[in-house]
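Structure, as structure tokens:
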Amino acid sequence: MPTNMNIDEERINTYPPPCQMPFTDSNTSSPKPDPMSLASADASSWQELAQLILQCLGAITLLRILYHAVDVARLWLLPPHCGIRRYYRPDAWALVTGSSTGIGLWFAWELAAAGFNVILLGHKLDELREAQARIEAHFPHVQTRILVMDCSKATASEINEHLRSVTDLNLTVLINNVGGVITHQSPRIKPLTDYTPEEIDLNISLNAVFMTHMTRFLLPVLASNRSGPSLILNMSSGAQEGIPGVSIYSATKSYITALTKSVNRECKAAGVKVDIISIVPGEVTSQTNKPAHGFGVIDARPYAKIVLQRAPAAAARGVMVFSPYWAHALAFWVMRVLPESIRLRAFVALVLRDRNVPTQDDTDTHSEKPARTTAR
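Under our numbering, the residue at position 209 of the sequence shown is numbered 192, and the numbers go up by one with no gaps.
Written out as structure tokens, the structure reads:
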């Protein structure tokens, strides 16, 4: 049996020798990191983060450019999928204001070509009958009706009384086309202070009040269609940017665009299946508008066809303001990105050019004999 002395010796032998015991000196510390190295590492991390952010922004920008490129191709360049036929049903009717001449007449013509029965609204019965005869002779399967109203003077009660005669029809399209500049004496283009009070009232009534009453009365009729969507197409103008010399006209065209957006959103919020879109044309040659030839100028007939081909697709996608003709859209985009000083010079040049255009009566908007008016 081992003695206590032997046990102690065995315990001692199990410990490592003193030279193998860990030794720390309280006066000795681990080496400190180099501040320059830390700063360099931090800078490198920030550079990597910045590069990642820039790459993400670049990818987002590229995707946005590609999306807009596809958008441009679909809305302005590629053949439209269905066009105005989106709103066609058996016995469908369309109402076009200011449809005795100009763009309005060709709207009615293209609608008849698409199979719609057409209601022609204007202020001169003889011209409306002439337009009606032309359409019926070329499209014998199409029915037509005539509504005679002076759009610059019609009261709300008069408008309602005339429109009650069409509430029994299967109305699916309303085109608020009528518009123009009313002046009783030359020049047609003049500053606001040269307008008479009567001219101000007539211009606002023709371009804004009349189309508002039309929309208010016929929107429930259009919304009552159960077999598909309906369309309200409001004709605005590039003048909505604010052209000097036609301040009242410009203001009413901005009003049309704002009203279109508001009523469009009201319909969407309420689940009403009526597409509402504001069309913004540039220079269009017609019987009542003779702009000088230049980039973007187009005749009324092909322009009306382009509108009815491309606007329905834009409206169906939720677009509320649209320039269907690519040259007009490009010109408006250029004007928006230019500095105001350059825009002002362009507007002044436009005003000076139009002042030299011979005056004539506008036959598709109102019964006054103005110095000259324009349908857009």
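Here a beta-carbon is modelled for each residue, glycine too, at the ideal position from N, C-alpha and C.
Being a predicted model, the structure only gives us computed values, none of them experimental.
Residue i versus residue j: straight-line alpha-carbon distance, rounded
i: residue 378; j: residue 231; result: Since the first residue of the chain shown is -16 and the last is 359, residue 378 is not available in this structure.
i: residue 216; j: residue 29; result: 53 angstroms
i: residue 318; j: residue 306; result: 14 angstroms
i: residue 82; j: residue 127; result: 12 angstroms
i: residue 182; j: residue 63; result: 41 angstroms
i: residue 156; j: residue 97; result: 12 angstroms
i: residue 187; j: residue 300; result: 31 angstroms
i: residue 258; j: residue 131; result: 26 angstroms
i: residue 44; j: residue 314; result: 24 angstroms
i: residue 95; j: residue 292; result: 14 angstroms
i: residue 244; j: residue 220; result: 15 angstroms
i: residue 37; j: residue 149; result: 60 angstroms
i: residue 267; j: residue 84; result: 13 angstroms
i: residue 225; j: residue 308; result: 21 angstroms
i: residue 76; j: residue 93; result: 13 angstroms
i: residue 321; j: residue 333; result: 16 angstroms
i: residue 254; j: residue 209; result: 13 angstroms
i: residue 283; j: residue 46; result: 37 angstroms
i: residue 249; j: residue 238; result: 16 angstroms
i: residue 304; j: residue 262; result: 6 angstroms
Beta-bridge pairing of residue i - partner residues as DSSP gives them
i: residue 430; result: There is simply no residue 430 to check, as the chain begins at -16 and stops at 359 in what is shown.
i: residue 75; result: 153
i: residue 67; result: BP columns for residue 67 are empty, so no partner.
i: residue 100; result: 76
i: residue 389; result: Only positions -16 to 359 of the chain appear in this structure, which leaves residue 389 out of reach.
i: residue 129; result: 103
i: residue 282; result: 268
C-beta atoms of residue i and residue j nearer than 8 angstroms
i: residue 200; j: residue 143; result: yes
i: residue 129; j: residue 111; result: yes
i: residue 154; j: residue 195; result: no
i: residue 311; j: residue 264; result: yes
i: residue 162; j: residue 218; result: yes
i: residue 287; j: residue 118; result: no
i: residue 103; j: residue 91; result: yes
i: residue 260; j: residue 296; result: no
i: residue 70; j: residue 214; result: yes
i: residue 175; j: residue 135; result: no
i: residue 72; j: residue 277; result: no
i: residue 235; j: residue 191; result: yes
Nearest-angstrom beta carbon gap, residue j and residue i [assumed within contact, 8 angstroms]
i: residue 106; j: residue 133; result: 5 angstroms
i: residue 331; j: residue 227; result: 7 angstroms
i: residue 80; j: residue 159; result: 6 angstroms
Within-8 angstroms CB hit, residue i to chain B
i: residue 131; result: Here there is only one protein chain, and chain B is not present.
Those runs of the alpha helix (DSSP H) which lie wholly inside the region 214 to 240 and span at least 4 residues:
none
Give the list of continuous alpha helix (DSSP H) stretches no shorter than 4 residues that lie fully inside the region 180 to 220.
180 to 187, 193 to 206
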